[in-house]
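Residue numbers (this note's numbering), protein chains in the order written: chain A, 62 to 451; chain B, 38 to 263. Think of the CB as a built atom: it goes at the ideal place given N, C-alpha and C, for glycine as much as any other residue. Keep in mind that this is a model prediction, so the values were computed, not measured. First comes the structure, then the notes that go with it.
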């Protein structure tokens with residue numbers, strides 16, 4: 062929501078209180094992980110940052126740095142007029158707000174200042190306290206591997222008459238912000254089941270290589286690649302995020318609420334094409350691809366032509382056997398890697414030779430049944446790949 | 038800003054159905070039965086509770102009588118030699134005979150609008166609990182008159198007094214007890230506390246005592262008659 066920028070513009074000091082978020086705020090950066098916000102910074106960088114803020118040199122030890130943050134933020138809590146928190150779950154039957162935290166900052170924000178403001182996404186609501194037991198078993202295990210976070214606070218209204226402490230006022234802001242547009246959409250409604258645990262980030266091969274900042278959004282990783290384009294449908298640049306995936310499905314395997322993120326990424330790519338957000342060259346290339354791969358005879362001609370091209374440009378002993386640079390639009394690809402030498406022949410060329418190598422006992426039986434129709438073999442494999450996508 | 042009616046009408050329209058005005062049916066509620074059936078015997082519950090507390094870095098102390106617990110509390114406080122002590126109101130401790138110990142250490146019971154400085158200065162906070170959960174090593178405290186929220190939050194050390202009969206196996210049982218007692222009007226704050234405040238935000242390296250207490254002691258009085 063970029064609420065901090067707005068507060069600053071209005072002359073209101075707004076201080077993040079989660080240790081990781083505090084670090085990120087002081088460094089004027091964006092979080093790079095849903096749970097471990099400052100995972101991109103090491104101890105030494107944090108020590109440097111805190112030393113500058115505190116005006117005293119601090120050792121790059123976790124306990125020293127955490128101690129500094131505790132002292133600094135304790136003062137902040139005692140002086141603050143308003144505490145703001147999110148909401149992990151809201152219970153419909155009793156109007157309760159449930160907050161999970163390990164450091165205790167959510168408890169501080171919701172107890173010490175006179176006013177507590179909750180900002181929650183509209184999809185945080187669960188029906189009853191009984192259902193909280195389910196979510197309390199899912200969220201911490203998937204997020205941090207804990208059975209339960211150190212603090213799970215269920216708040217129902219502000220402090221009551223005769224109570225010693227707690228906020229005098231409680232305000233709850235229920236935020237839609239593009240979420241409701243997923244309702245009734247068969248392909249994407251399930252994304253609203255997300256409990257923001259971050260398990261999909263931790264297993265994603267793309268996230269692990271590029272890090273959270275590359276996604277350019279509050280929600281990185283697979284969930285970010287799905288959610289950010291959905292919440293910003295009008296921004297064609299953001300739609301690119303659906304390509305930040307190898308479609309391996311590791312996110313789906315790790316997801317505690319089983320959101321089919323890999324399917325959604327494919328749907329998003331399709332919608333992007335349907336909306337005409339793809340460049341002309343790309344559209345042309347894929348039309349040719351579809352035509353070529355759609356018919357065996359065309360495919361055969363194309364592979365023969367490609368082989369010929371390879372022999373003329375790359376192959377077979379010339380240019381030291383390896384072409385180090387490609388020219389034209391693909392040049393970037395070979396800036397930092399070498400193009401491998403082409404193999405002797407295509408799989409189709411070698412098919413009959415491979416069959417001959419099969420031992421003639423019970424393995425041969427399998428070979429014979431496929432021998433009659435190498436072409437149908439191609440057909441059946443293209444069919445199964447279609448099933449994977451659907 | 039969208040108003041409430043617009044907001045709800047929009048949701049109904051997106052789902053292509055009329056506005057729901059009655060409480061909807063809930064075909065599945067709570068945990069599956071295999072989990073609901075998980076229940077430990079009372080002695081196993083206490084043992085499991087202690088085991089989970091140890092994993093969380095909580096110091097558990099077990100006593101066979103309320104007198105022994107009182108002596109144990111006195112010993113612990115002497116050891117900690119705190120600058121000042123805060124606690125819940127004396128009546129919260131009525132089932133434990135610890136008033137004389139609380140008095141000896143000048144435990145200030147947090148009353149309405151007690152100055153924040155008293156709270157901030159205190160380095161030990163003493164409370165009782167509503168229930169305790171064996172499966173997760175969790176203590177459950179409610180905010181009520183006389184039961185300040187800050188006592189279990191601001192001081193560096195939190196000491197909680199637990200009767201073994203308050204220990205349940207699962208979180209769900211603690212929730213059922215809450216529902217039975219309060220129905221649709223739960224206390225203004227219910228805190229499920231599992232160990233000392235912690236963070237792994239710096240290089241994924243665990244550190245204890247970030248905003249809440251750095252040390253949690255649980256004193257268990259074995260009041261279950263076998």
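Between the C-alpha atoms of residue i and residue j, what's the straight-line distance to the nearest angstrom?
| i | j | result |
| --- | --- | --- |
| residue 136 of chain B | residue 213 of chain A | 30 Å |
| residue 52 of chain B | residue 69 of chain B | 28 Å |
| residue 244 of chain B | residue 124 of chain A | 6 Å |
| residue 316 of chain A | residue 203 of chain A | 8 Å |
| residue 83 of chain B | residue 71 of chain B | 22 Å |
| residue 323 of chain A | residue 119 of chain A | 45 Å |
| residue 73 of chain B | residue 214 of chain B | 14 Å |
| residue 206 of chain B | residue 197 of chain B | 18 Å |
| residue 175 of chain A | residue 219 of chain A | 10 Å |
| residue 257 of chain B | residue 62 of chain B | 42 Å |
| residue 292 of chain A | residue 259 of chain B | 54 Å |
| residue 133 of chain B | residue 129 of chain A | 38 Å |
| residue 150 of chain A | residue 225 of chain B | 16 Å |
| residue 366 of chain A | residue 393 of chain A | 24 Å |
| residue 125 of chain B | residue 238 of chain A | 42 Å |
| residue 141 of chain A | residue 78 of chain B | 47 Å |
| residue 355 of chain A | residue 369 of chain A | 21 Å |
| residue 445 of chain A | residue 182 of chain A | Annotation note: pLDDT 40 at residue 445 of chain A (below 50); position unreliable, no value reported. |
| residue 192 of chain B | residue 250 of chain B | 6 Å |
| residue 42 of chain B | residue 223 of chain A | 35 Å |
| residue 177 of chain A | residue 314 of chain A | 37 Å |
With a threshold of 16 other CB atoms inside 10 Å of the CB of residue i, please say whether the residue is buried or exposed.
| i | result |
| --- | --- |
| residue 131 of chain B | exposed |
| residue 169 of chain A | buried |
| residue 411 of chain A | exposed |
| residue 181 of chain B | buried |
| residue 417 of chain A | exposed |
| residue 166 of chain A | buried |
| residue 162 of chain B | buried |
| residue 210 of chain B | buried |
| residue 311 of chain A | buried |
| residue 186 of chain B | buried |
| residue 348 of chain A | exposed |
| residue 186 of chain A | exposed |
| residue 217 of chain B | exposed |
| residue 420 of chain A | exposed |
| residue 147 of chain B | buried |
| residue 254 of chain A | exposed |
| residue 13 of chain A | With chain A running from 62 to 451 in the structure shown, residue 13 of chain A is simply not present. |
| residue 198 of chain A | buried |
| residue 381 of chain A | Reliability fails at residue 381 of chain A, whose pLDDT of 44 lies under 50, so the model's placement of it is uncertain and the value that follows must be treated cautiously. With fewer than 16 Cβ atoms within 10 Å of its Cβ, residue 381 of chain A is classed as exposed. |
With distances taken from CA atoms, which of the options is nearest residue i?
| i | options | result |
| --- | --- | --- |
| residue 143 of chain B | B/171, B/65, B/153 and B/111 | B/111 |
| residue 247 of chain B | A/81, A/112, A/253 and A/70 | A/81 |
| residue 282 of chain A | A/264, A/141, A/292 and A/298 | A/264 |
| residue 228 of chain A | A/143, A/321 and A/243 | A/143 |
| residue 253 of chain B | B/238, B/63, B/164 and B/108 | B/164 |
| residue 329 of chain A | A/300, A/345, A/308 and A/351 | A/300 |
| residue 280 of chain A | A/321, A/252, A/419 and A/307 | A/252 |
| residue 101 of chain A | A/187, A/272, A/261 and A/185 | A/272 |
| residue 196 of chain A | B/249, B/241, B/153 and B/67 | B/67 |
| residue 83 of chain A | A/71, A/68, A/114 and A/73 | A/114 |
| residue 245 of chain A | B/54, B/122, B/169 and B/43 | B/54 |
| residue 270 of chain A | A/93, A/254 and A/72 | A/93 |
| residue 116 of chain A | A/104, A/353 and A/133 | A/133 |
Since residue i sits in a beta bridge, which residues does DSSP pair it with?
| i | result |
| --- | --- |
| residue 164 of chain A | Residue 164 of chain A pairs with nothing; no bridge assigned. |
| residue 11 of chain A | This structure does not reach residue 11 of chain A, given that chain A is present from 62 up to 451, and the question cannot be answered. |
| residue 150 of chain A | A/159 |
| residue 252 of chain B | B/194 |
| residue 213 of chain A | A/161 and B/229 |
| residue 163 of chain B | B/124 and B/196 |
| residue 145 of chain B | B/123 |
| residue 480 of chain A | Here chain A comprises residues numbered 62 to 451, so residue 480 of chain A is not present and cannot be evaluated. |
| residue 257 of chain B | B/99 and B/199 |
| residue 187 of chain A | A/152 |
With hydrogens ignored, establish whether the beta-carbon of residue i is closer than 7 Å to any heavy atom of the ligand MG.
| i | result |
| --- | --- |
| residue 168 of chain B | Among the components of this structure there are no ligands whatsoever, and the ligand MG is therefore not found. |
### Query
Unbroken beta strand (DSSP E) runs of length 3 or more, entirely within the stretch 167-245 of chain B: which are they?
Secondary structure remark: continuous beta strand (DSSP E) runs of at least 3 residues inside the stretch 167-245 of chain B, in chain order: 168-170, 175-179, 194-200 and 226-230.
### Query
If you scan the stretch 80-126 of chain B from start to end, which runs of the beta strand (DSSP E) of 3 or more residues do you find wholly inside it?
Within the stretch 80-126 of chain B, the complete beta strand (DSSP E) runs of at least 3 residues are 96-100 and 122-124.
### Segments of 3+ residues assigned as beta strand (DSSP E) that fall wholly inside the stretch 228-280 of chain A
230-236
### Query
What are the uninterrupted segments assigned as beta strand (DSSP E) that are 3 or more residues long and contained completely in the stretch 79-153 of chain A, given in chain order?
143-146 and 150-152
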